[in-house]
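Trainee:
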Amino acid sequence: MSGKNAVVERVALVTGASTGIGRAVAERLQSDGFALAFHSHRDDDDSRRRFDEAEARGPATWIVGDVAEPDAGERLVREAVEALGRLDVLVNNAGITVSKPAVELTAEDFDAIFSVDVKGAFLLSVAAAREMRRHGGGAIVNVTSVHEHVPRPGFALYASAKAALGMLTRSLALELAPEIRVNAVAPGAIETERNEEADELRPEIPFGRAGRPEEVAAVISYLAGPDASYVSGASLLVDGAMAQQVLARPAG
């Protein structure tokens with residue numbers, strides 16, 4: 342579905358753009374002057390409403406689908422380029438989690454999390470890189486987590502997937518340099534529709550509060566833009582120093 346007819350100079354594809362961090366990233370990149378390829382997992386009323394808001398802000402196209410599907414990477418990139426003409430930035434924000442003790446996790450849980458959080462990001466990144474190289478390069482930003490760096494009970498698979506995505510970020514940064522910069526943003530406890538634990542984690546956060554989606558979006562905006570022209574392979578914590586407090590605890 343295409344948005345306003347216009348000649349666009351920069352295009353960003355944001356996965357999981359209808360809620361939480363993804364929604365804030367979509368809004369911020371549009372304010373930075375990007376045309377938006379707005380991805381959502383499904384075609385529903387909430388996603389439609391958020392896309393309509395995005396389309397009202399500027400050139401936008403709506404792409405629907407499961408990023409874990411084998412052909413999703415190629416299809417999402419192709420649809421973005423067909424609608425908006427090019428691709429300059431990819432933000433791999435779509436992700437899922439399962440929170441329960443490790444001994445209760447199943448093979449289905451493993452497949453579900455790694456298919457979206459790692460495989461989906463990988464396939465999209467490869468497809469985007471091929472397209473970006475056609476017109477001189479671009480930037481990829483992966484949304485990992487504070488748990489890329491520190492574990493948490495009940496999040497064994499989620500933390501492992503985000504750590505894998507962090508290593509994928511660094512590996513692609515090495516392989517795709519210098520045409521394409523690849524970085525990660527690692528949010529801590531962020532107040533979103535789906536993060537019900539944000540307030541519970543407040544004692545673990547030196548800033549004394551949960552973060553806001555807009556604060557994550559600002560860092561992604563930096564990594565996507567020209568001011569980060571010599572930054573690649575980084576994973577920037579946006580966590581109010583939460584990781585440092587966890588790492589500083591005495592053992593035992």
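Heads up, the sequence shown is in the working numbering, so the first residue is 342 and it goes up one at a time. For every residue, glycine included, the Cβ atom is placed at its ideal position computed from N, Cα and C.
1. Keeping to the same chain, check which residues put their C-beta closer than 7 angstroms to that of Glu556; ignore five residues upstream and five downstream.
2. Please confirm whether Val572 and Ala527 have their CB atoms less than 8 angstroms apart.
3. For Gly477, count the other beta carbons within 10 Å of its own beta carbon; 16 or more makes it buried, fewer makes it exposed. Which is it?
4. In three-state terms, what does DSSP make of Leu370?
5. Pop quiz: Val482 and Leu425 are said to be a contact at Cβ under 8 angstroms. What is the actual Cβ separation, rounded to whole angstroms?
6. In three-state DSSP terms, what is Lys577?
7. With a 10 Å radius around its C-beta and 16 neighbouring C-beta atoms as the bar for buried, classify Ser512 as buried or exposed.
8. For Ile546, which residues in the same chain have their Cβ closer than 8 angstroms to its Cβ, ignoring the five residues on either side in sequence?
9. According to the Cβ coordinates, are Val313 and Ile454 closer than 8 angstroms?
10. Quick check on DSSP: helix, strand or coil for Leu354?
11. Looking at the secondary structure, which residues open and close the beta strand (DSSP E) in which Thr402 lies?
12. Within 10 angstroms of its Cβ, does Gln391 collect 16 or more other Cβ (buried), or is it exposed?
13. Alpha carbon to alpha carbon, how far is Gly357 from Phe379? Give it in angstroms, no decimals.
14. Excluding the 5 residues flanking Gly461 on each side, which residues of the same chain have their C-beta closer than 6 angstroms to its C-beta?
15. Can you tell which of Val444, Arg493, Ser388 and Gly399 has the C-alpha that lies nearest to the C-alpha of Leu377?
16. Please return the same chain residues whose Cβ sits closer than 6 angstroms to the Cβ of Asp429, not counting the five positions on each side in sequence.
17. Return the Cβ separation of Pro554 and Ala365 in integer angstroms, given the expectation that the two are a contact with Cβ distance under 8 angstroms.
18. Assign Leu354 to buried or exposed, taking buried as 16 or more other Cβ atoms, counted over all protein chains shown, within 10 Å of its Cβ.
19. For Arg493 versus Ala504, is the C-beta spacing smaller than 8 angstroms?
20. By DSSP's criteria, Ala500 is part of a beta bridge. Which residues make up the other side?
21. Closest Cβ-Cβ distance between Pro442 and chain D: below 8 angstroms?
22. Alpha carbon to alpha carbon, how far is Phe451 from Gly495? Give it in angstroms, no decimals.
Mentor: In short:
1. Start at 1 with the first residue of the sequence shown, and residue 556 comes out as number 215. If we look at Glu556 and ignore the five residues flanking it on each side, its Cβ neighbours are Val579.
2. Counted from its first residue, the sequence shown places residue 572 at position 231. Counted from its first residue, the sequence shown places residue 527 at position 186. Not a contact, by the Cβ cut-off of 8 angstroms.
3. For the purposes of this step, residue 477 is taken as the residue at position 136 of the sequence shown. Looking at its Cβ environment, which holds fewer than 16 other Cβ atoms inside 10 Å, Gly477 is exposed.
4. Along the sequence shown, read from residue 1 onward, the residue named residue 370 stands at position 29. Leu370 falls in the helix class under three-state DSSP.
5. Your numbering for residue 482 matches position 141 in the sequence shown. Your numbering for residue 425 matches position 84 in the sequence shown. Their Cβ separation, rounded to whole angstroms, is 18 angstroms, which puts Val482 and Leu425 out of contact at 8 angstroms.
6. Against the sequence shown, residue 577 aligns to sequence position 236. The identity of residue 577 in the sequence shown is Leu, whereas the question assumes Lys. It is a strand residue.
7. As a working note, residue 512 is residue 171 in the sequence shown. When all chains shown are included, Ser512 counts as exposed.
8. Taking the first residue of the sequence shown as 1, we reach residue 546 at position 205. Excluding residues within five positions, the ones whose Cβ falls inside 8 angstroms are Gly529, Ala530, Asp580, Gly581, Ala582, Met583 and Gln586.
9. Because the chain here runs from 342 to 593, residue 313 falls outside it and cannot be looked at.
10. As a working note, residue 354 is residue 13 in the sequence shown. Leu354: strand per DSSP, three-state reduction.
11. One-based indexing of the sequence shown puts residue 402 at position 61. Start and end: Ala401 to Val405.
12. Residue mapping note: residue 391 aligns to position 50 of the sequence shown, counting from 1. The identity of residue 391 in the sequence shown is Arg, whereas the question assumes Gln. It is buried - the Cβ of Arg391 has at least 16 other Cβ atoms within 10 Å.
13. Start at 1 with the first residue of the sequence shown, and residue 379 comes out as number 38. Start at 1 with the first residue of the sequence shown, and residue 357 comes out as number 16. So the alpha carbons of these two residues sit roughly 8 angstroms apart.
14. Numbered from its first residue, the sequence shown carries residue 461 at position 120. Contacts found: Val408 and Ala409.
15. By one-based count along the sequence shown, residue 377 stands at place 36. Comparing Cα-Cα distances from Leu377 to each of Val444, Arg493, Ser388 and Gly399, the minimum goes to Gly399.
16. The residue you call residue 429 lines up with position 88 of the sequence shown. Counting only Cβ-Cβ distances below 6 angstroms, and skipping sequence neighbours, we find Arg351, Val352 and Gly479.
17. If you number the sequence shown from 1, residue 554 lands on position 213. If you number the sequence shown from 1, residue 365 lands on position 24. Right, their Cβ atoms sit about 4 angstroms apart.
18. One-based indexing of the sequence shown puts residue 354 at position 13. That one is buried.
19. Taking the first residue of the sequence shown as 1, we reach residue 493 at position 152. Taking the first residue of the sequence shown as 1, we reach residue 504 at position 163. No, the pair does not count as a contact, with Cβ atoms beyond the cut-off.
20. The residue given as residue 500 occupies position 159 in the sequence shown. Answer is none; Ala500 lacks a bridge partner.
21. This model lacks chain D altogether, as it is built from one protein chain only.
22. Residue 495 sits at position 154 when you count from the first residue of the sequence shown. Residue 451 sits at position 110 when you count from the first residue of the sequence shown. Taking the straight line from one Cα to the other gives about 13 angstroms.
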